[in-house]
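Numbering that gives the first Met the number 0 puts the first residue of the sequence shown at 0, with every later residue one more than the last.
Using N, Cα and C, we set each Cβ at its ideal position, and we do this for glycine too.
In what follows, a structure is listed as structure tokens, so that the remarks can point back to it.
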Amino acid sequence: MTVEFVPVKTDEDIARVAKMAGEIWNEYWPPIIGQAQTNYMVEHFQSLPAFTADVKDKGYEYWFITVREDETPVELAQATGDAGLQEKGFSLEDAAENQYAIESERDSLLAKEAIGAACEMPQLRIVGYTGGHGEEDGRFFISKIYLVKDQRGKGLCSETIRFYEALCRDRGLRAMYLTVNKHNDLGIRAYKGKGFEVIDAVETNIGEGFVMDDYILEKKLR
């Protein structure tokens with residue numbers, strides 16, 4: 000499995016992040032902070048308007064967390080499409096095996112090669128999102144690292160931290176930091192295991208009686 004970080008660039012990308020955020024938050028956070036605060040925070044910090052403002056007005060950068068898996072991809076149909084096989088009304092199997100499905104031996108060979116290459120092509124799957132922004136004090140604030148449920152515990156958070164380490168070093172930044180809910184014991188242990196240290200504790204009033212009760216964890220890079 001190969002992990003890749005794909006920049007979120009278009010309005011469609013931002014909408015996809017917002018949809019994923021709503022699903023992940025409503026699955027993960029209600030047992031920790033309650034459904035009411037989850038709803039409020041999704042609306043104000045993890046919604047399409049919030050992500051759009053982050054990217055266009057606040058200098059945030061976002062990436063899809065993706066993995067390459069060994070599965071037969073949807074690119075199979077695209078790979079064989081160039082031979083004009085589907086336009087002739089044949090299935091992929093028929094197109095490769097039936098000598099009457101194509102007009103020449105050359106087309107037949109190309110079709111088989113395309114199907115074989117496509118079957119070997121790992122499928123790109125979006126399994127989470129992450130984002131943050133650089134700050135004037137030489138640190139990078141990691142605002143979000145979220146994964147779908149079936150991809151947690153597979154080392155993807157560690158891969159994401161390594162991604163940010165490389166990004167920060169490339170940009171000459173001295174440290175990176177993030178906030179973790181004080182009751183998110185799993186997250187706190189995970190980040191401490193990756194070299195982060197608790198440097199502060201903050202309570203932030205976010206409106207309507209809700210409070211973000213967090214630790215600030217930092218990892219120095221130089």
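Query, Result
"Would you report the Cα separation of A35 and D169, rounded to the nearest angstrom?", "40 Å"
"Taking the alpha-carbon positions, what's the F139 to Y190 distance?", "15 Å"
"When the distance is taken between beta carbons, is A20 closer than 7 Å to Q45?", "yes"
"Would you check if the distance between the CB atom of I144 and the CB atom of T178 is smaller than 7 Å?", "no"
"I want to know whether the stretch 26-33 touches the stretch 194-202 - three or more CB-CB distances under 8 Å.", "no"
"Whose CA, out of I141, A165 and G127, lies closest to the CA of G152?", "G127"
"Mind checking A49: buried by the 16 CB within 10 Å criterion, or exposed?", "buried"
"Just confirm the distance between the C-beta atoms of K193 and S157, as a whole number of angstroms; I'd bet it's less than 8 Å.", "6 Å"
"Cutting at 6 Å between CB atoms, please list the residues of its own chain near P6, excluding the five before and the five after it.", "W62"
"Apply the 10 Å Cβ neighbour rule to V73 and answer buried if 16 or more other Cβ atoms are within range, or exposed otherwise.", "With a pLDDT of only 46 at V73, under 50, the local geometry of the prediction cannot be trusted, and the value read off the model is given with reservation. Counting Cβ neighbours within 10 Å, V73 comes out exposed, since fewer than 16 surround it."
"Where DSSP assigns a beta bridge to G206, which residues make up the other side?", "F209"
"Give the list of continuous alpha helix (DSSP H) stretches no shorter than 4 residues that lie fully inside the stretch 150-210.", "155-169 and 184-192"
"Under 8 Å by Cβ, that's how I've got V66 and V2 pegged, so tell me the actual separation to the nearest angstrom.", "6 Å"
"Considering only their Cβ atoms, is the gap separating A165 from L220 smaller than 7 Å?", "no"
"Mapping DSSP to helix, strand and coil, what is V54?", "helix"
"Rounded to a whole number of angstroms, what is the C-alpha to C-alpha distance between D184 and F162?", "23 Å"
"Who are Q122's beta bridge partners in DSSP?", "E68"
"Just to confirm my understanding: we take I125, look at its own chain, exclude 5 residues before and 5 after, and list those with CB closer than 6 Å. What are they?", "F63 and T65"
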